[in-house]
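What the sequence shown shows, in mature numbering (1 follows the signal peptide of the UniProt record, and there is no 0), is residues -23 to -1, 1 to 526, in sequence order. Note that CB positions come from ideal geometry on N, CA and C, so glycine has one too. First up is the structure itself, then whatever we jot down about it.
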Amino acid sequence: MRRSLARMAALAALALAATTATTAPVIADDSVPTPQPPAGITDGTASLAQLAQEATSQAPSQSTQAASNALDAAQAALSGDAPARGTSQDATQGADQAPDVSMALRDLALQLPNMSASDRRTAQAILARPTDGSSDPYGDGYTTNKRKRKCAGNFCVHWVTDTADAAKRAWAIKTLKTMNSVWHVEVGKMGYRHPVSDRILSGNNGGNGKFDVYLKDLGSAGYYGYCAAEFAKVKSGKTTRQGGGFCVLDNNFSKAEYGQRPVNSLKVTAAHEFFHAVQYAYDYTEDRWFMESTATWMEERYADGVNDNRQYLPSGSVKAPSTALDYFASGSSRPYGNWAWWEFLTHKFNNGIVKTTWNKAAGPSYSTKALKSTLSSKGGFVRNFASYNAANLTPKRTYPEGGSWPSANHGGWTLTGTSTGNNVTATLPHMSAASYVITPGDGVGNKKWRLKIKVDGPVAKTSPIAYVVVRMKNGAWKRSPMNLNAQGNGVKKVLFSGNAVSAVSVTLVNGSTRFKNCGQGTGSVEYSCDGTPVDNGKAFKLVTRAYKN
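Quick look at the structure:
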């Protein structure tokens, strides 16, 4: 369950209730109450604007800092002030980027109760559907009445026939067919929840209960599309964290703007952004790293041959393992690059591993807690995470398309008959790793040579582990976790004959998933439950020595 300070404050304001944060260094379930629905709504939907109005009889005189930040982020994301996801700059440089527009708008909607009257009006205009007209100061509204709508299957596509937003009918129909195809894969074949219907939503619901997709000129602002959270589901007189909304996609995905065939840009955008709408049906307030990494993973399920998501791998844990897996910061593409973690689990287990985690994250839970629960019967998070980081040293051996992936940053050294030892100390944040490759050199070819590996890590309650891979020259690599004792220490001896072994890799892992003060994150960097990681900055000492048995 989403627990950022911004979102907790918003939910608490909506519910007219205070929250008490835990101070113990343990993961705490979400205690933020859901907001009361507007009077008269017992089953159905209520817009997030309605919930904000219901919770605050009058807007505060001044927006909170979190609300102001959310408004600034949404304005920047929509105006194209910074490179957005999938621009040509990202593709060629692997650059960090502006916040995903879907997440920026979701955060903005949750901050409505904490905004001044003026800021709230601006935010509501930004959050409006394109068919709400030109009231949106950031160009999201259509400025012409020459509007068209085509409905089929589970969707309606809306477009206009003049102004810069104009789309051709053939492209609108192509978009409609693609969206229905995405639904068939994500909801039909893979079994995810379908988006919450807006059939009985008061106000502009697109004309019926089908999911609405609007076509706009987005390329000029540097982004592909977005799906906005607009309303929450009400059940038995209580507001749930199941939400719904609508999507906006580019009106032609011109190759000149996006750098690839229009249909390919459409496919990956439809798969990614529609999955945000699916996620909202589980919990529209979830952790952003979880939402973005799994949405980028979904691109591979629907549009495997496009490979647009490879551009983010250099920013993610495949290439940069020493940053926490759940790291999220506005302007960082790391969450997109971490789709590789879900790809690893998919190929190790099955496609359903992500859906299982989303099922567990719905309700009073959150991303990392749900992930731990999912893996508890599959070797546990720590061992799987260690195996993942060790595998990323040689992605070609692990992933079907790994030959085109970057490999993990790592250290290493060569041990010889005259220089038989070396050591290193690594300081690691939670949910991160550091790897070292030790190579046999001159004078250690005899089959009697062994490598003694000694690890001095943090205490066991912080979830340290090491993972060793002996790379045999005959191709039969030997992989094994190196369990550490209660003090975090361990020793392992492996074959090190240069005639039989090409190298030995040792991966040190801080597998801690402990957080405190969930919902009280105040910095620009956000982690699971928007809490404070308990076990950051843990030191590991690795000592290696070659010797004759």
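When we look at the beta-carbon of residue i and count the other beta-carbons within 10 Å, is it buried (16 or more) or exposed?
| i | result |
| --- | --- |
| Ala51 | buried |
| Thr395 | exposed |
| Ser501 | exposed |
| Thr351 | buried |
| Asp77 | buried |
| Lys212 | exposed |
| Asp139 | exposed |
| Thr246 | buried |
| Ser354 | exposed |
| Cys506 | buried |
| Gln256 | buried |
| Val240 | exposed |
| Asn400 | exposed |
| Ala147 | exposed |
| Ala480 | buried |
| Arg97 | buried |
| Gly380 | exposed |
| Ala176 | For clarity, residue 176 is Arg in the given sequence; the question names Ala instead. Flag for Arg176 reads exposed. |
| Pro341 | exposed |
| Pro377 | exposed |
| Asp117 | buried |
Residue i to residue j, Cα distance in whole Å?
| i | j | result |
| --- | --- | --- |
| Tyr413 | Lys450 | 18 Å |
| Ala339 | Arg170 | 11 Å |
| Ser489 | Asn460 | 15 Å |
| Leu87 | Phe230 | 30 Å |
| Lys210 | Leu28 | 11 Å |
| Ala523 | Leu370 | 22 Å |
| Thr271 | Ala367 | 21 Å |
| Leu290 | Gly183 | 37 Å |
| Lys151 | Val164 | 20 Å |
| Pro37 | His253 | 31 Å |
| Ser56 | Phe223 | 19 Å |
| Ile103 | Met92 | 14 Å |
| Ala(-7) | Ser242 | The pLDDT assigned to Ala(-7) is 29, lower than 50, so where the model puts this residue is not dependable, and the model offers no usable value. |
| Asp109 | Lys373 | 49 Å |
| Gln497 | Pro172 | 30 Å |
| Met156 | Arg456 | 43 Å |
| Lys125 | Gly314 | 37 Å |
| Val446 | Val520 | 16 Å |
| Ala143 | Val190 | 14 Å |
| Pro107 | Ala129 | 20 Å |
| Thr216 | Arg265 | 21 Å |
| Val295 | Ser45 | 34 Å |
| Tyr365 | Lys349 | 15 Å |
| Asn336 | Trp319 | 15 Å |
| Phe358 | Phe188 | 36 Å |
| Ala443 | Leu485 | 5 Å |
Return the residue from the list the options that minimises the CA-CA distance to residue i.
| i | options | result |
| --- | --- | --- |
| Asp303 | Leu290, Leu322, Met268 and Tyr289 | Met268 |
| Gln219 | Glu250, Lys429, Lys232 and Ser174 | Ser174 |
| His387 | Lys373, Ala410 and Asn399 | Ala410 |
| Ala141 | Trp148, Tyr343, Thr121 and Val255 | Thr121 |
| Gly514 | Thr402, Pro239, Pro417 and Thr393 | Thr402 |
| Tyr200 | Asp260, Thr397, Leu226 and Ile150 | Leu226 |
| Ala477 | Gln464, Ala516, Leu428 and Thr521 | Leu428 |
| Leu25 | Ala233, Glu378 and Arg83 | Arg83 |
| Leu322 | Asn336, Trp426, Ala306 and Ala363 | Ala363 |
| Ala516 | Ser307, Tyr313 and Ser440 | Ser440 |
| Arg448 | Gly130, Ser474 and Glu276 | Ser474 |
| Arg278 | Lys244, Gly380 and Glu234 | Lys244 |
| residue 599 | Thr391, Ala43 and Thr375 | As displayed, the chain neither begins before -23 nor continues past 526, which places residue 599 out of reach and without an answer. |
| Glu276 | Ala317, Gly293, Ala306 and Val295 | Ala317 |
| Trp426 | Gln497, Leu392 and Val436 | Leu392 |
| Pro458 | Lys349, Gly356, Lys215 and Lys187 | Gly356 |
| Gly398 | Thr404, Lys438 and Ile415 | Ile415 |
| Lys518 | Gly168, Met80, Ser45 and Leu405 | Leu405 |
| Cys133 | Gly118, Tyr119, Ala149 and Gly221 | Ala149 |
| Gln39 | Glu234, Tyr343 and Leu89 | Leu89 |
| Gly202 | Ser79, Asn487, Phe326 and Val436 | Ser79 |
Kindly provide the ranges of any beta strand (DSSP E) runs that are 3 or more residues long and lie completely inside the region 208 to 247, ordered along the chain. The DSSP assignment places complete beta strand (DSSP E) segments of no fewer than 3 residues inside the region 208 to 247 at 215 to 227, in order along the chain.
Contact the region 281 to 288 vs the region 179 to 198: 3+ CB pairs below 8 Å: Taking 8 Å as the limit for Cβ pairs, the verdict is that the region 179 to 198 does not touch the region 281 to 288.
Using a Cβ distance threshold of 8 Å, determine whether the region 501 to 520 contacts the region 473 to 491, with at least three qualifying pairs required. Here the region 501 to 520 makes contact with the region 473 to 491; the two share three or more CB pairs at distances below 8 Å.
Quick one: any contact between the region 457 to 473 and the region 424 to 436, if contact means 3 or more CB pairs under 8 Å? The region 457 to 473 makes contact with the region 424 to 436; the number of CB pairs closer than 8 Å reaches 3 or more.
Would you check if the region 325 to 342 and the region 417 to 425 touch, i.e. whether three or more CB-CB distances between them fall below 8 Å? When C-beta atoms of the region 417 to 425 are compared with those of the region 325 to 342, fewer than three pairs fall below 8 Å, so the two segments do not count as touching.
Alpha helix (DSSP H) runs contained entirely in the region 286 to 331, provided each spans 4 or more residues: Complete alpha helix (DSSP H) runs here, min 4: 311 to 314 and 316 to 325.
Runs of alpha helix (DSSP H) lying entirely within the region 378 to 403, each at least 4 residues, in chain order: Segments of the alpha helix (DSSP H) lying fully in the region 378 to 403: there are none.
Could you name each continuous beta strand (DSSP E) segment of 3 residues or more that falls completely within the region 113 to 160, going from the start of the chain to the end? Unbroken beta strand (DSSP E) stretches of 3 residues or longer found wholly inside the region 113 to 160: 124 to 129 and 132 to 137, given in chain order.
Touch check for the region 248 to 260 and the region 292 to 301: three-plus C-beta pairs under 8 Å? In this structure the region 248 to 260 does not touch the region 292 to 301; the number of beta carbon pairs closer than 8 Å is below three.
Return the chain-ordered ranges of every beta strand (DSSP E) run that is complete within the region 412 to 492 and spans a minimum of 3 residues. Within the region 412 to 492, the complete beta strand (DSSP E) runs of at least 3 residues are 426 to 433, 441 to 449, 455 to 459, 466 to 472 and 478 to 487.
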